[in-house]
Amino acid sequence: MMVQTPPRDAQFAAKLALAYGEILDGVRPALQRVSLRLSGKGRGGTLELRNTQTNTTEVWQLDSLRLVPDQARADALVLAHLGSGDARLILRDHDAIRALLEACPGLPNLNGSTGFLPKLIALGAAALAALGAILFVLIPFMADRGTDLIPPSAEVNLGRASFERLATALDLRECKSLAGDAALLQMQTRLTEGLTLPFPLQVRVVDDPAVNAFALPGGQIAINSGLIDAAQAPEEVAAVLAHEIGHVVNRDGTRGMLRSIGSFGIVGLMFGDAIGTSAAAGVAQQMISSSYSREAEIAADAFAHRQMTRAGLPPSALGDMFVRMQAQGLGQDMGVFRSIATHPEFQDRIGAAMAADTGAATGAPVADAAGWQALQGICG
Amino acid sequence: MSALKTDFGGDRGDLFTLMLRTSFLTVVTFGIYRFWRTTRLRRWYWSSIRPGGVPLEYTGTPQEKLAGFFVAVIVLALYIALFNLAGLFVAFSLSENDLSYLTFAIGSAPLALVPVILAARYRARRYILSRSTWLGIRFGMDGGAWGYAWRACMYWVLTLATLGLLWPLKTFQLEKYLTDRTWYGTARFHQHGSPFMLYLLALPFYVLGAVIAGVIVLIGLETDTATQGWYALSLPVFAILLLVSGIYFRVASVRAMAGLKELGDGMEFGLEPRTGRLLRIHVFGNLISLILVSFVSPVILGLVVGFLYLIGQVDADAITNTPPNLAGFMAVLTWITVFILYGVFRQVFVTYPTVAHVAETLEVEEPAVLHGIRQRARDNNREAGGFAEALDVGAAF
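So the sequence lines, in the order shown, correspond to chains Z and X. Going letter by letter, the first sequence gives residues 29 to 408 in the working numbering. Going letter by letter, the second sequence gives residues 7 to 403 in the working numbering.
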């Protein structure tokens, strides 16, 4: 049942007729006094403003009134009216404020509309897509072109310097023995037969118990003594060496450096405030660089399968080595440098190595018993 | 007409509630809500500043900020990617035997952002002015972000190269550049005065700099180690005094230059922030914030764990033998509460009193000039401070 409210409305109207407000017309910087008359309620209701100086009258629709939000002081109500431009009505009289708020239940905030939302979501999605294209298409593309343009001699020098720096930082000792080096060279020659390398290889064994190997820019390859200790056959070491040669041929060290430095600082743009979201930015940056290297690892694996087969050696040896690495749980990250054991998709890579093996490996062993023994004992 | 005084009428408790709520929403939305937080805080502060009894109004919207931010992220991502790669490529080709070129190039890559940051700050200021009104009339600013950026770069280089001797020149010229491009309605601001007036204010700074240089020379000349030690002991004291005199210069130069600004034909201003007051606010405000965070944050954590215990998610054993997922949850919760609360307390105990103090010293002289001023056209400003937001060089709110 409808409750009749005219007496109450009449009461408000009477009150508001006596109430005054101040208006800023949005044209001149001056407060002007207006007397107010409220008629009706909600939709269809109006607020009449009579300027006491100019004696002009304006009528504002109640459903076009908007509240200017987040006001620091509750002693005044600031109202805008859609269609009246920059004009503002300031009410300070408590009764007038109460009467107006009762006549406009659910008075919306100025600019509080969510009509913008679909547009914003579309713009946000477009921004994310563009950012993805920059990070995963444009930067890899430019890094690859850039790598082709860098003279191999510059990369060789740089690789030598980075190895020295790394060796000092990690306190790596290079292992040498006449027979061991000969066995290693034999392996290297067999795996690179018929290949045109961008620069001469520099393969060495370093004294480090981690089951790992890495390639730096400029043909620098290091195999940890821990990897040789873990291998059950010389072919397994050869497979890892082939993988690292793959990185050298693809110039992954340089490409990776160009890629990760090219993307540096971009992810941080999305996350403003320093402390709260910088952790999220760090995680995102890590995901991007591991996505870059994943690609490089898979390409180096494929290269290893091909070279092993060509040399008459079983590609499955790479898979065997991965199984041993996994068993040792020694997938260590060497920072920006390529390392074969960094990634979680081990199972896929083991499967790929096994699948690449056609069982047609007919060649002689990659090292004879004496050579294999010499390699195993290279670090003394 | 007599000069208009300014009162500041915001309540600290209201600000606390607003800041706490918006900061919490910012964290749980992974930073998206920060555009709403900034907007709401600006509206709040603007409305609390009342020159001549009439509050300022901030009319910017979070939606336009977010849209401007998205565009800025794309433009900046392209710029950074191209610049990083081009710079690295050149350095790579140059560094024949030497890693140090490369290290240097990587280390100095952020310098490429300096002009962009300066331009972004100019544009953010322009955006804020275009969204600020007083007495219903908009402020505004002319274009000129890149002109500002290269001038600022040049003055910075000159200032550093002369060990600070050109600091007052830089301060004055850049402030003049900004002021002369600022409008209120149809009236333009103008910065009077000259850089030389600021040199007097920088005198304490220079004297202390000279004293420190003198002490260092004395230490070098002295052969007796005990005397050297005494000289060296005085250095931290002079260093603190140098810092204070630097802050004094900044505050006093704001004061001096505000007094020499003119709006339209004859409206003048007074702005009298006190160095001592601002120093006290910053020292004690930060101290209080740190102390409160270190008390309140553990209490919140305790309440959360207590609640989990009551609903049976955690048993007493967990205290001595914490399962890893609970430990991880606690770590994240600690991080978030500390982050939110520290920001909230700093807002309430540092930013709030700073704004209040500066605002209360504002005086507007010759307000009769207002009669000749009319509204200015709306500045669409699609960028909406997006570049400053992406580069995180915005103001405190």
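Each residue gets a CB set at the ideal place from its N, CA and C atoms; glycine is no exception.
Could you tell me the distance, in whole angstroms, from the CA atom of residue i to the CA atom of residue j?
i	j	result
D396 of chain Z	H275 of chain Z	27 Å
A261 of chain Z	F374 of chain Z	20 Å
A409 of chain Z	S63 of chain Z	With chain Z running from 29 to 408 in the structure shown, residue 409 of chain Z is simply not present.
R194 of chain X	K267 of chain X	10 Å
A302 of chain Z	G37 of chain X	A caution first: A302 of chain Z carries a pLDDT of 47, below 50, which makes its placement in the model unreliable, though a value can still be read off. Those two C-alpha atoms are separated by around 11 Å.
R173 of chain Z	Y128 of chain X	36 Å
F89 of chain Z	S288 of chain Z	The sequence shown places Gln at residue 89 of chain Z, not Phe. Distance between the alpha carbons of Q89 of chain Z and S288 of chain Z is about 59 Å.
S259 of chain X	L207 of chain X	7 Å
R366 of chain Z	F242 of chain Z	Any reading at R366 of chain Z must be qualified, since the residue scores a pLDDT of 38, below 50, and its modelled position is unreliable; the value itself is stated next. Computed Cα separation, rounded: 5 Å.
G220 of chain X	T367 of chain X	39 Å
E395 of chain X	A92 of chain X	25 Å
Q234 of chain X	G170 of chain X	27 Å
F227 of chain Z	Q404 of chain Z	27 Å
I222 of chain X	P242 of chain X	12 Å
A108 of chain Z	P359 of chain X	30 Å
A337 of chain X	D257 of chain Z	40 Å
L247 of chain X	T281 of chain X	13 Å
T168 of chain X	P304 of chain X	49 Å
A111 of chain X	E278 of chain X	45 Å
V120 of chain X	W152 of chain X	12 Å
G252 of chain X	V217 of chain X	15 Å
Can you give the beta carbon distance from residue i to residue j, rounded, assuming they're within the 8 Å contact cut?
i	j	result
G265 of chain X	F275 of chain X	7 Å
A171 of chain Z	R283 of chain Z	5 Å
L62 of chain X	S53 of chain X	7 Å
L135 of chain Z	L82 of chain X	In fact, because the Cβ distance is near 40 Å, the residues do not count as touching under 8 Å.
G187 of chain Z	G247 of chain Z	6 Å
A100 of chain Z	D13 of chain X	11 Å between Cβ atoms; not a contact.
L397 of chain X	A126 of chain X	6 Å
F22 of chain X	V361 of chain X	That pair is no contact at about 15 Å.
M263 of chain X	V375 of chain X	Wrong, their Cβ atoms sit about 19 Å apart, outside the cutoff.
I167 of chain Z	G293 of chain Z	In fact, because the Cβ distance is near 12 Å, the residues do not count as touching under 8 Å.
L346 of chain Z	H271 of chain Z	6 Å
L66 of chain Z	A158 of chain Z	Actually they are not in contact, since the Cβ atoms of L66 of chain Z and A158 of chain Z sit about 51 Å apart, beyond 8 Å.
DSSP three-state call for residue i: helix, strand or coil?
i	result
F275 of chain X	strand
C407 of chain Z	coil
A150 of chain Z	helix
I51 of chain Z	strand
E228 of chain X	coil
T224 of chain Z	coil
Y212 of chain X	helix
Q445 of chain Z	Here chain Z comprises residues numbered 29 to 408, so residue 445 of chain Z is not present and cannot be evaluated.
F144 of chain Z	coil
Y39 of chain X	coil
L421 of chain Z	The question about residue 421 of chain Z has no answer here: the residues shown for chain Z are numbered 29 through 408.
P262 of chain Z	helix
L244 of chain Z	strand
P121 of chain X	helix
E202 of chain Z	strand
V201 of chain X	It should be noted that the sequence gives Pro, not Val, for residue 201 of chain X. It is helical.
D385 of chain X	coil
N90 of chain X	helix
Please say whether residue j and residue i have beta carbons closer to each other than 8 Å?
i	j	result
G142 of chain X	R116 of chain Z	yes
L26 of chain X	Y39 of chain X	no
A332 of chain Z	R218 of chain Z	no
A9 of chain X	V370 of chain X	yes
Y237 of chain X	I225 of chain X	yes
G150 of chain X	S136 of chain X	no
K182 of chain X	W162 of chain X	no
A78 of chain X	F301 of chain X	no
What in chain X is Cβ-close to residue i, meaning under 7 Å?
i	result
V96 of chain Z	E63
V55 of chain Z	R380 and Q381
L212 of chain Z	In chain order: nothing, as chain X lies at least about 26 Å away.
Can you pull the chain Z residues whose beta carbon is under 8 Å from the beta carbon of residue i, in chain order?
i	result
D186 of chain X	Here the premise fails: no neighbours, minimum Cβ distance about 21 Å.
Mind listing the chain X neighbours of residue i? Cutoff is C-beta to C-beta under 8 Å, in chain order.
i	result
G247 of chain Z	None at all; the shortest Cβ gap to chain X is about 16 Å.
G152 of chain Z	L72 and F76
Tell me whether residue i counts as near the ligand GTP, meaning its Cβ is closer than 7 Å to at least one heavy atom of that ligand.
i	result
V375 of chain X	The ligand GTP is absent from the structure shown, which contains no ligands of any kind.
Taking Cβ-Cβ distances shorter than 9 Å, what residues in chain Z pair up with residue i?
i	result
Q353 of chain X	Going along chain Z, no residue has its Cβ under 9 Å from Q353 of chain X, so there is no contact; the nearest lies around 13 Å.
Quick one: list the residues of chain X neighbouring residue i, beta-carbon separation under 9 Å, in chain order.
i	result
D114 of chain Z	T65, T139, G142, I143, R144, Q381 and R384
Which residues in chain Z sit within 7 Å of residue i, going by Cβ to Cβ distance?
i	result
L82 of chain X	L297
F335 of chain X	Within chain Z, no residue comes near F335 of chain X; the closest Cβ sits about 15 Å away, beyond 7 Å.
Anything in the segment 259-290 of chain Z with a Cβ closer than 7 Å to a Cβ of chain C? List those residues in chain order, please. Structure shown: chain C not included; protein chains present are Z and X.
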